[in-house]
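Residue numbers (numbering that gives the first Met the number 0), protein chains in the order written: chain A, 0 to 292; chain B, 0 to 292. Data block below; observations after.
There are 2 protein chains.
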Amino acid sequence: MRDANEHTITEAVLDRFADTPDPRLKTVLLSLVRHLHDFARDVELTTGEWAYAIDYLTRTGQICSDTRQEFILLSDVLGLSMLVDAINHRQPEGATETTVLGPFHVEGAPQPAHGADISGGLPGERLLVEGAVTAAEGAPVPDATVEVWSADQEGFYDVQRTDLGGPALRATFTTDAAGRFHFWTVMPAFYPIPDDGPVGTLLNASERHPFRPAHVHFMISAPGHEQLVTHIFADDSPYLDSDAVFGVKNSLIETFEHRDPGTAPDGRVLPEPWRHLRRQFGLKQDGTARARP
Amino acid sequence: MRDANEHTITEAVLDRFADTPDPRLKTVLLSLVRHLHDFARDVELTTGEWAYAIDYLTRTGQICSDTRQEFILLSDVLGLSMLVDAINHRQPEGATETTVLGPFHVEGAPQPAHGADISGGLPGERLLVEGAVTAAEGAPVPDATVEVWSADQEGFYDVQRTDLGGPALRATFTTDAAGRFHFWTVMPAFYPIPDDGPVGTLLNASERHPFRPAHVHFMISAPGHEQLVTHIFADDSPYLDSDAVFGVKNSLIETFEHRDPGTAPDGRVLPEPWRHLRRQFGLKQDGTARARP
């Protein structure tokens, strides 16, 4: 192929990928080339804009570290993460809706006993979380693995702080015979996604705020069921209608109830007012995806 | 916006970019979101594929350095670089066609006298390049800045070698009163683009070779004219029909003529056979772009 012009080059590139042995990879690459070229033609992308994009993507890669994933953030603020989530989680009736994983999940969180305080001594309103894991049709799921993590009352995750000795506000539990788990933490605050890098530049240039409403993350796995990745949002948080990453679903908003000082259901005595979240999580059985809507 | 689904999320994201103050940035972002979302929907991108893409882009950014630009390479092998080149250089009659910049241009190359040998002592067939810079209508352009660079006989640029004391096979000249320049170098070889990183993984997975046909780069600037970025390809090189980056145009292919040992036009005595490239470069006057075809 010689002399490709701005119209013929797309077919030339598609031809070059024609021998891709893996059929799925071939499908994805051909579609990627078509859409990428259509984008450049639609906006008549200038050489300067192309060079800016090259530099932007390079900076986005280079700011990534063990504790920061700027490409996930970029995917999040462009709505791609929630789109991929929606495509891959066409939930049947009774299954809890999903939302973004986010960049703050950490493998290998501590595994304390049920009822533990996972706050690592961080200040804030005490929050008791009582959860129940069920199959979509309502039967309890014992021995499910439940990973939880959240921001603190200042809106920071443990990996964003340098003043902590180890993990905080994250843990892994296993559901009991009745499919239940519970733990103590602190009430999370709404927070800005990290906006001191390329994603912040994009938000700033488009006059978008970087905030996410207050939420607790849950990732729940059990044999025979699809892994559930979701949050539960607090109904009194700001930004429920303008989450920077488009992650809010009405079915995931709950009242984190205000409780007076006194004795909690697990016998713990609280000298200050505390909060209480009770929530059921419905897992989707493997192989029960809905058809494409 | 809450409860966006796989169809409504695109409008939700477009709405969020609606306040972008710069109208051009807004146009580019809205188009980018539409095409990115259409791509994900068309292929029903899986969560695993999305995660692979995040990691792939991160690795692409992290392998970039002062002497390696993997995102330019990625743009090149996807044909995006040549598409952007075509959109931005709708050349009028008499103006030399353009091609990719490539990742091996270096600012601040040496400025030797006309007739200098820029090979830095590297072995290879001696090559005399005699160039003439004209305006599109044919008038010579004196005092034009001509940057030249090329690979060596093994297909490596100076910045890819660790055994050189400084720049080689690259220089900056200024055209004389007749718009002319000339220099000695060595005959460049065809070469693979760097294929030990993410771009190599892509080429390998799609059974594409990484080679570019032999060429010399030229970047020519003069007041009142658009900067010309192009190559001249050797007509006896392999890969003219399958350049890994889609950069070959018929009008940029020349015979690098074989000459017998003896005295060259500039008086230099050659004990071995040598090669000879003579080429005219037509600059495009500022503001003379053709209409969109």
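For glycine and all other residues, C-beta sits at the position ideal for the given N, C-alpha and C. Just so you know, these numbers come straight off a predicted model, no measurement behind them.
Close partners of ARG15(A) in chain B (Cβ separation under 7 Å): ARG207.
ILE231(A) is outside the set of residues whose beta carbon lies under 8 Å from a beta carbon in chain B. Of VAL145(B), ALA263(B), ALA52(B) and TRP49(B), the smallest CA-CA separation from ASP175(B) is found for VAL145(B).
The beta carbon of GLY119(B) lies closer than 6 Å to those of ALA167 in the same chain, with the five residues before and after it left out. If you draw a straight line from the Cα of PHE38(A) to the Cα of ARG267(B), it comes to about 52 Å. Neighbours of PHE38(B) in chain A, taken as residues at a C-beta separation under 7 Å, are given in chain order as SER30, LEU31 and HIS34. Exclusion of the five residues before and after PRO197(B) leaves TYR55, ARG58, THR59, ILE62, GLU69 and LEU73 as the residues of its chain whose Cβ lies within less than 8 Å of its Cβ. For ASN203(A), the nearest beta carbon of chain B is not closer than 8 Å to its own beta carbon. No Cβ of chain B is located within less than 8 Å of the beta carbon of GLU225(A).
Listed along chain A are VAL42, LEU44 and GLU48, each with a C-beta nearer than 8 Å to that of VAL27(B). CA-to-CA, the gap between ASP235(A) and GLU96(A) works out to about 20 Å. Taking the Cβ atoms as the reference, PRO212(A) lies roughly 5 Å from LEU239(A), within the contact range of under 8 Å. Using a C-beta cut-off of 8 Å, the region 204-218 of chain A makes contact with the region 17-26 of chain B, since at least three inter-stretch Cβ pairs fall below that distance. Straight-line spacing of the CA atoms in GLU10(A) and VAL42(B) works out to 19 Å. Chain-order list of chain A residues neighbouring LYS248(B): ARG1, ASP2 and ALA3, by C-beta distance under 9 Å.
Distance from the Cα of THR45(A) is smallest, within the candidate group ASP195(B), ASN87(B) and LEU163(B), for ASN87(B). Residues of chain B whose Cβ lies closer than 7 Å to the Cβ of LEU77(A) are, in chain order, VAL12, VAL32 and LEU35. Closest in alpha carbon position to GLY107(A), among ALA115(A), ARG169(A) and VAL27(A), is ARG169(A). Under the DSSP assignment, GLU256(B) falls in the beta strand (DSSP E) whose first and last residues are 256-258. Spanning the alpha carbons of MET81(B) and THR98(B) requires a straight line of approximately 7 Å. Judged by their CB atoms, LEU276(B) and LEU121(B) are not nearer to each other than the 8 Å cut-off. Of ARG15(A), ILE71(A), GLN90(A) and HIS181(A), the smallest CA-CA separation from GLN110(A) is found for HIS181(A). Taking a cut-off of 8 Å for Cβ pairs, the region 136-155 of chain B and the region 182-190 of chain B touch, as three or more such pairs fall below it. Burial is judged here by how many other beta carbons sit within 10 angstroms of a residue's own beta carbon; PRO102(B) has at least 16 and is buried. Taking GLY123(A) as the centre and dropping the five residues before and after it, the same chain places the C-beta of GLN152, VAL185 and MET186 closer than 6 Å to its C-beta, in chain order.
Contact between VAL158(B) and VAL105(B) holds: their C-beta atoms lie close to 6 Å from each other, under 8 Å. A Cβ-Cβ separation of about 6 Å places ALA243(B) in contact with VAL76(B) under the 8 Å criterion. Between the alpha carbons of HIS230(B) and THR171(B) lies a gap of roughly 15 Å. By the neighbour-count criterion, in which a residue is buried when 16 or more other Cβ atoms sit within 10 angstroms of its Cβ, GLU136(A) is exposed. Contact of GLN90(A) with chain B is not assigned, every C-beta pair being separated by 8 Å or more. Between the alpha carbons of GLY78(A) and LEU201(A) lies a gap of roughly 13 Å. Residues of chain B with a Cβ closer than 9 Å to the Cβ of THR19(A) are, in chain order, ALA204, SER205, GLU206 and ARG207. When DSSP states are grouped into helix, strand and coil, PHE38(B) belongs to the helix group. Put simply, the CB of LEU72(B) is far from chain A, with every gap to its CB atoms at 8 Å or more. In chain B, no part has a C-beta under 9 Å from the C-beta of ILE192(A); the shortest such distance is about 14 Å.
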